[in-house]
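Each remark here refers to the structure printed beneath this line.
Residue numbers (UniProt numbering): 1 to 544.
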């Protein structure tokens, strides 16, 4: 059996780095006023970095070394210059090469990005992978605020594909803030091309067009915002700048009104063959599809929410329809309208039940106070309000084999939903369960998170919704319940149960409608009572 003592080895090598009297390399990093020398040992650099191994062995690299005599040593010392790496970044690198340890907790986001680029250059694969994962997992907010900087730094680096794809996919999921930002105007042309050719860019095409025009004007010397004084030479200059981008615009996704008001004035920059196809589409309704691209496959589910972003509403719709949460919706899919019927910060407490009563399918969203966690529930049958049946519901039924399926039902019964085998019209009574096979509750870690989302579908469909005499809403008699500013999460067995991070179900029972003092709960245990920051309720309808 081999015993390993890596910890003591790391400590000893750390002492060698900190007290390096026998060094034979000086690495000078940084430029201008931010320059620092690091003493090192060539044998350690060779063994830890293929880049340094090549630099010390190949003849063409020898010219980068300057022989000098150090005052503390009788040996010649080689000087190696890396002006493109700043001292704070190289300090992390050299400590890693000696000790195998890295702590990025107090490192600035910009230094972490520069560290990624530097480790790529120095061929430190292990550290590079760690830094790339750290950026994506721990610096997501900073990345979103600095897409242009990050993409400009890594776009041409093949090994940074994971971070590049993360940035592009994040932009595609919620592109409007990026396309309408000032930073967009300085975007590299290759990055812009890569974005515009994607089919999953979930944005209104007129926004793409408007942003592209602004970008083109910014990139064309001598041009300013278009005005009536533009001449043919101005249009030709803009046409030259945007020549390869115009074919990537999905003109068929632009309304005739926007086309007339915002596209047609720039007719001069659109190639004739494309413009003729566009005209044919708007006049005849036919798309030749010779050069004009079809609509993008990503369809935006618009939602007027301050809790979730559109990409999360798309996931919820996919859950309703039983599709994969990451399914890209297209024109053939049902289009839903989210009608905001309640917002706690706007409407106050004690009325959420009143606002939800007498309506169709309801989506509830809530954000926990002092946390980024989001919880919610979907009720396809609505809440009791002393009224009778209604039509135009969104239903979840059973197929011929008794298996669950989701669909749209225009002959819909409010309290029982629809089943191919049974229809029920329940009497309006409080303190009773209402059946629904399509209800579910869910959680997101934050309004950007699509990796750690959790869904809990109803298990006992006869006890899906608890209709009690009160001001709140209740799924399963306590699995998810809201009353004023309190959220209660429990496990009754009527729903699958939100899972711990270790994928085990919790089985804490909570009494129906019982709201106690807010409890301190473990980070991975959502069950208990929470104070909420915001609550929203939406009625879901089909856009027809």
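Note that the Cβ used here is the ideal one computed from N, Cα and C, for glycine as well.
Subject >> Option in 53, 215, 306 and 305 with minimal Cα separation from residue 246 >> reply: Stepping through the chain shown from its first residue, residue 246 is reached at position 246. Checking every option, the nearest Cα to that of residue 246 belongs to 215.
Subject >> Outcome for residue 346 when other beta-carbon atoms lying within 10 angstroms are tallied against a minimum of 16 >> reply: Locating residue 346 in the chain shown gives position 346, counting from the first residue. With fewer than 16 Cβ atoms within 10 Å of its Cβ, residue 346 is classed as exposed.
Subject >> DSSP state of residue 137 mapped onto helix, strand, coil >> reply: Looking up residue 137 in the chain shown gives position 137. Looking at residue 137 - three-state DSSP - the assignment turns out to be helix.
**OP:** Using the DSSP secondary-structure output, state which residues sit across from residue 443 in a beta bridge.
**Re:** Stepping through the chain shown from its first residue, residue 443 is reached at position 443. DSSP lists 375 and 454 as partners of residue 443.
Subject >> Residues bridged to residue 532 (per DSSP) >> reply: Numbered from its first residue, the chain shown carries residue 532 at position 532. The partner list for residue 532 (beta bridge, DSSP) reads 368.
**OP:** May I have the straight-line CA-CA distance separating residue 476 from residue 469, to the nearest angstrom?
**Re:** Position 476 of the chain shown, counting from 1, holds the residue named residue 476. Position 469 of the chain shown, counting from 1, holds the residue named residue 469. Between residue 476 and residue 469, the C-alpha separation is close to 15 Å.
Original post:
How long is the line joining the alpha carbons of residue 160 and residue 336, rounded to whole angstroms?
Top reply: Sequence index remark: in the chain shown, residue 160 carries index 160 (1-based). Sequence index remark: in the chain shown, residue 336 carries index 336 (1-based). Taking the straight line from one Cα to the other gives about 37 Å.
Subject >> Stretch pair the segment 24-42 + the segment 80-93: three plus CB contacts closer than 8 Å >> reply: yes
Original post:
Can you give the Cα-Cα distance for residue 195 and residue 124, rounded to whole angstroms?
Top reply: As a working note, residue 195 is residue 195 in the chain shown. As a working note, residue 124 is residue 124 in the chain shown. Cα to Cα, the separation comes out at about 30 Å.
Original post:
Hey, how far is the Cα of residue 439 from the Cα of residue 529?
Top reply: For this step, residue 439 is matched to residue 439 along the chain shown. For this step, residue 529 is matched to residue 529 along the chain shown. C-alpha separation (whole angstroms): 21 Å.
**OP:** Please confirm whether residue 120 and residue 78 have their CB atoms less than 8 Å apart.
**Re:** By one-based count along the chain shown, residue 120 stands at place 120. By one-based count along the chain shown, residue 78 stands at place 78. Their beta carbons are not under 8 Å apart, which means residue 120 does not touch residue 78 by this criterion.
Original post:
Considering only the beta carbon of each residue, do residue 188 and residue 350 sit closer than 8 Å?
Top reply: The sequence position of residue 188 within the chain shown is 188, counting from 1. The sequence position of residue 350 within the chain shown is 350, counting from 1. No, the pair does not count as a contact, with Cβ atoms beyond the cut-off.
Original post:
Taking Cβ positions only, does residue 182 come closer than 8 Å to chain B?
Top reply: Of the protein chains in this structure there is only one, and it is not chain B.
Original post:
In angstroms, rounded to a whole number, what distance separates the CA positions of residue 327 and residue 296?
Top reply: Residue 327 sits at position 327 when you count from the first residue of the chain shown. Residue 296 sits at position 296 when you count from the first residue of the chain shown. Whole-angstrom Cα-Cα distance: 14 Å.
Original post:
Taking residue 366 as the reference, which of 446, 432, 154 and 211 has the closest Cα?
Top reply: As a working note, residue 366 is residue 366 in the chain shown. Of the candidates 446, 432, 154 and 211, the one whose C-alpha sits nearest the C-alpha of residue 366 is 446.
Original post:
If we ignore side chains and look at the alpha-carbon of each, how far apart do residue 238 and residue 283 end up?
Top reply: The residue labelled residue 238 in the question sits at position 238 within the chain shown. The residue labelled residue 283 in the question sits at position 283 within the chain shown. When rounded, the distance between both Cα atoms is 27 Å.
Subject >> Contact under 8 Å by Cβ, residue 540 with residue 375 >> reply: As a first step, residue 540 is located in the chain shown; it is residue number 540 there, counting from the start. As a first step, residue 375 is located in the chain shown; it is residue number 375 there, counting from the start. Against a cut-off of 8 Å, the Cβ pair of residue 375 and residue 540 comes out as no contact.
Original post:
Between the C-alpha atoms of residue 168 and residue 451, what's the straight-line distance to the nearest angstrom?
Top reply: One-based indexing of the chain shown puts residue 168 at position 168. One-based indexing of the chain shown puts residue 451 at position 451. Roughly 16 Å separates the two Cα atoms.
Original post:
For the 8 Å Cβ check, are there 3 or more pairs between the segment 229-243 and the segment 171-179?
Top reply: no
**OP:** Pull up the CB-CB distance for residue 443 and residue 373, whole angstroms please, since I reckon it's below 8 Å.
**Re:** Along the chain shown, one-based indexing puts residue 443 at 443. Along the chain shown, one-based indexing puts residue 373 at 373. Right, their Cβ atoms sit about 7 Å apart.
Subject >> Close Cβ partners of residue 142 (< 7 Å) along its chain, the five nearest in sequence each way excluded >> reply: Locating residue 142 in the chain shown gives position 142, where the first residue counts as 1. These residues qualify, in order along the chain: 109.
**OP:** Using the Cα positions of residue 293 and residue 271, report the straight-line distance between them to the nearest angstrom.
**Re:** In the chain shown, the residue the question calls residue 293 occupies position 293. In the chain shown, the residue the question calls residue 271 occupies position 271. If I take the Cα positions, the gap works out to 14 Å.
Original post:
For residue 228, which of helix, strand or coil comes out of DSSP?
Top reply: One-based indexing of the chain shown puts residue 228 at position 228. In the structure shown, residue 228 sits in coil (DSSP, three-state: anything other than H, G, I, E or B).
**OP:** Could you spell out where the alpha helix (DSSP H) holding residue 267 opens and where it closes?
**Re:** Here residue 267 is taken as the residue at index 267 of the chain shown, counted from 1. Element bounds for residue 267: n/a, residue is neither H nor E.
Original post:
At which residues does the beta strand (DSSP E) containing residue 51 begin and terminate?
Top reply: Taking the chain shown and counting its residues from 1, one reaches residue 51 at position 51. Not the beta strand (DSSP E): residue 51 falls in the alpha helix (DSSP H), residues 50-57.
Original post:
Going by other Cβ atoms of all chains shown within 10 Å of its Cβ, with 16 needed for buried, is residue 211 buried or exposed?
Top reply: On the chain shown, residue 211 is found 211 positions in, with the first residue counted as 1. It counts as buried.
Subject >> Supposed close pair residue 52, residue 46 - CB separation, criterion 8 Å >> reply: The residue you call residue 52 lines up with position 52 of the chain shown. The residue you call residue 46 lines up with position 46 of the chain shown. Indeed they touch by this definition, with Cβ atoms about 6 Å apart.
**OP:** Go through the segment 68-138 residue by residue and report every complete run of the beta strand (DSSP E) that reaches 3 residues or more, in order.
**Re:** 76-82
**OP:** Out of 222, 213 and 113, state which residue places its alpha-carbon closest to the alpha-carbon of residue 153.
**Re:** Here residue 153 refers to the residue found at position 153 when the chain shown is read from its first residue. Here the closest residue by C-alpha is 113.
Original post:
Of all the options 362, 285 and 261, which has the alpha carbon lying nearest to the alpha carbon of residue 316?
Top reply: Counted from its first residue, the chain shown places residue 316 at position 316. The shortest Cα separation from residue 316 among 362, 285 and 261 belongs to 362.
Subject >> Residue nearest to residue 14 in terms of C-alpha spacing, selected from 57, 55, 50 and 91 >> reply: Counting from 1 along the chain shown, the entry for residue 14 is found at position 14. The shortest Cα separation from residue 14 among 57, 55, 50 and 91 belongs to 91.
Subject >> Rounded C-alpha distance that separates residue 320 from residue 483 >> reply: By 1-based counting over the chain shown, the position of residue 320 is 320. By 1-based counting over the chain shown, the position of residue 483 is 483. Distance between the alpha carbons of residue 320 and residue 483 is about 25 Å.
Original post:
Roughly how many angstroms lie between the CA atoms of residue 203 and residue 19, to the nearest whole one?
Top reply: Taking the chain shown and counting its residues from 1, one reaches residue 203 at position 203. Taking the chain shown and counting its residues from 1, one reaches residue 19 at position 19. Those two C-alpha atoms are separated by around 57 Å.
Original post:
Which two residues bound the contiguous alpha helix (DSSP H) that contains residue 153?
Top reply: Here residue 153 is taken as the residue at index 153 of the chain shown, counted from 1. Per DSSP, residue 153 belongs to the alpha helix (DSSP H) from 147-154.
Subject >> Within 8 Å, strictly: CB atoms of residue 172 and residue 190 >> reply: Translated into the one-based positions of the chain shown, residue 172 becomes position 172. Translated into the one-based positions of the chain shown, residue 190 becomes position 190. No. Outside cutoff.
Subject >> Inter-residue Cα distance where the pair is residue 7 and residue 43 >> reply: The residue given as residue 7 occupies position 7 in the chain shown. The residue given as residue 43 occupies position 43 in the chain shown. Rounded to whole angstroms, residue 7 to residue 43 spans 21 Å at the Cα level.
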